[in-house]
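Chemist: Mind looking over this structure? Questions follow.
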Amino acid sequence: MFGLGLPELLIILVIVVLLFGAGRLPQIGAGIGEGIRNFRKSMKEKDEVDVTPTKGDGGKK
């Protein structure tokens, strides 16, 4: 896991708690989780391309 062991993860957790406070940790975790879910959802969706020409887009100069 990127070369991070338990001691490094605990140090990062302590720094995050000091920066944001214990009260905001659930909000931060929920926001990160929602972002990951949205990213995975967008990766699974097929790319749809709209190829219908618009009224002013199809002429030659």
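Per the working numbering, the sequence shown runs over residues 1216 to 1276.
Note that beta-carbon positions come from the ideal geometry of N, C-alpha and C, so glycine has one too.
Just so you know, these numbers come straight off a predicted model, no measurement behind them.
Mapping DSSP to helix, strand and coil, what is residue 1225?
Modeler: Three-state DSSP puts residue 1225 in a helix.
Chemist: Measure how close the beta-carbons of residue 1243 and residue 1235 come, nearest whole angstrom, since I'm counting them as under 8 Å.
Modeler: Their Cβ separation, rounded to whole angstroms, is 6 Å, which keeps residue 1243 and residue 1235 in contact under 8 Å.
Chemist: For residue 1232 versus residue 1219, is the C-beta spacing smaller than 9 Å?
Modeler: The answer is no: Cβ separation not under 9 Å.
Chemist: State the Cα-Cα distance for the pair residue 1230 and residue 1224, rounded to the nearest angstrom.
Modeler: Cα to Cα, residue 1230 sits roughly 10 Å from residue 1224.
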